[in-house]
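**Q** Under my numbering, the first residue of the sequence shown carries the number 85, and numbering increases by one thereafter. Where a beta carbon is used, it is the ideal one built from N, C-alpha and C, also for glycine. What follows is a single structure, and I will ask about it in a moment.
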Amino acid sequence: MWYSYVSRLRSLNSSCDKFPTCLLLLDDTYVIGHCKISLVPNISDSCFIESVIIDQRYRARGFGTMLMQGAEEYVAKRGIVNVFLSTKGQEYFYKKMGYKICDPVSLYGNSYITGDGLPPIPKQVLKDFRSNGRSPPPMPVIRNSGFPFSTVKTYMVKNM
Numbered sequence: 085m086w087y088s089y090v091s092r093l094r095s096l097n098s099s100c101d102k103f104p105t106c107l108l109l110l111d112d113t114y115v116i117g118h119c120k121i122s123l124v125p126n127i128s129d130s131c132f133i134e135s136v137i138i139d140q141r142y143r144a145r146g147f148g149t150m151l152m153q154g155a156e157e158y159v160a161k162r163g164i165v166n167v168f169l170s171t172k173g174q175e176y177f178y179k180k181m182g183y184k185i186c187d188p189v190s191l192y193g194n195s196y197i198t199g200d201g202l203p204p205i206p207k208q209v210l211k212d213f214r215s216n217g218r219s220p221p222p223m224p225v226i227r228n229s230g231f232p233f234s235t236v237k238t239y240m241v242k243n244m
């Protein structure tokens, strides 16, 4: 059992600096907060913090700030200069922490996203798909159904 324990510790220590990684905020052995940190492809020295979650019973008590400060310290020690994130409804919280609204960032290879949320299609591909047929009908207009939330994410960045 001792060898297995030491092996696990060595394995964990050797992989701690690699991304993506998850950070936990603990109260003794209970997980009260979590975030995931991934590198941003095509933007050097940059990471994306996502899935920032604080247990509802622990909210509005400074634990979100504590988790974010810990995440920022963690990435700064690893040479990260730009920290990106996206949020729906927590913009004020992140602005208080020094984040600014920015253009969307992709975690899937392109460093930008077009207005419809998809990467641009290369001109050659567009040329190959043109046809002489009729154009498709326009997309339906989605009306507000009374739900009090928005599906649009706000992207933010902080320079360390």
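From which residue to which residue does the beta strand (DSSP E) around Tyr239 run?
**A** Thr238 to Asn243
**Q** Taking C-alpha atoms, which residue in Leu108, Leu109, Ser170 and Phe103 lies nearest to Ser190?
**A** Ranking Leu108, Leu109, Ser170 and Phe103 by Cα distance to Ser190 puts Ser170 first.
**Q** If you follow the beta strand (DSSP E) that Phe168 is part of, which residue opens it and which one closes it?
**A** Asn166 to Thr171
**Q** Residues in its own chain within less than 6 Å of Leu107 by CB, not counting five upstream and five downstream?
**A** Correct list, in chain order: Cys119 and Ala155.
**Q** Grouping DSSP H, G and I as helix and E and B as strand, with all else coil, what is Lys102?
**A** coil
**Q** Looking at Leu108 and the ligand MN, is the gap between the Cβ and the nearest heavy atom below 7 Å?
**A** The ligand MN is absent from the structure shown, which contains no ligand whatsoever.
**Q** Hey, Phe147 and Ile138 are a contact pair by Cβ (cut 8 Å); roughly how many whole angstroms apart?
**A** 5 Å
**Q** Could you check where the beta strand (DSSP E) with Tyr176 kicks off and where it finishes?
**A** Segment Glu175 to Lys180 is the alpha helix (DSSP H) holding Tyr176; no beta strand (DSSP E) there.
**Q** Is the beta carbon of Phe103 sitting closer than 8 Å to the one on Ser130?
**A** no
**Q** I'd like to confirm the pairing. Which residues does DSSP put opposite Asp129 in its beta bridges?
**A** BP columns for Asp129 are empty, so no partner.
**Q** Whose C-beta lies closer than 6 Å to the C-beta of Val115 among residues of the same chain, with five residues either side of it excluded?
**A** Setting aside the 5 residues that flank it on each side, Val115 is surrounded in the same chain by Leu108, each with a C-beta closer than 6 Å to its C-beta; the list follows chain order.
**Q** Do Met244 and Ala160 have their C-beta atoms closer together than 8 Å?
**A** yes
**Q** Any idea what DSSP makes of Tyr192, helix, strand or coil?
**A** Tyr192: coil per DSSP, three-state reduction.
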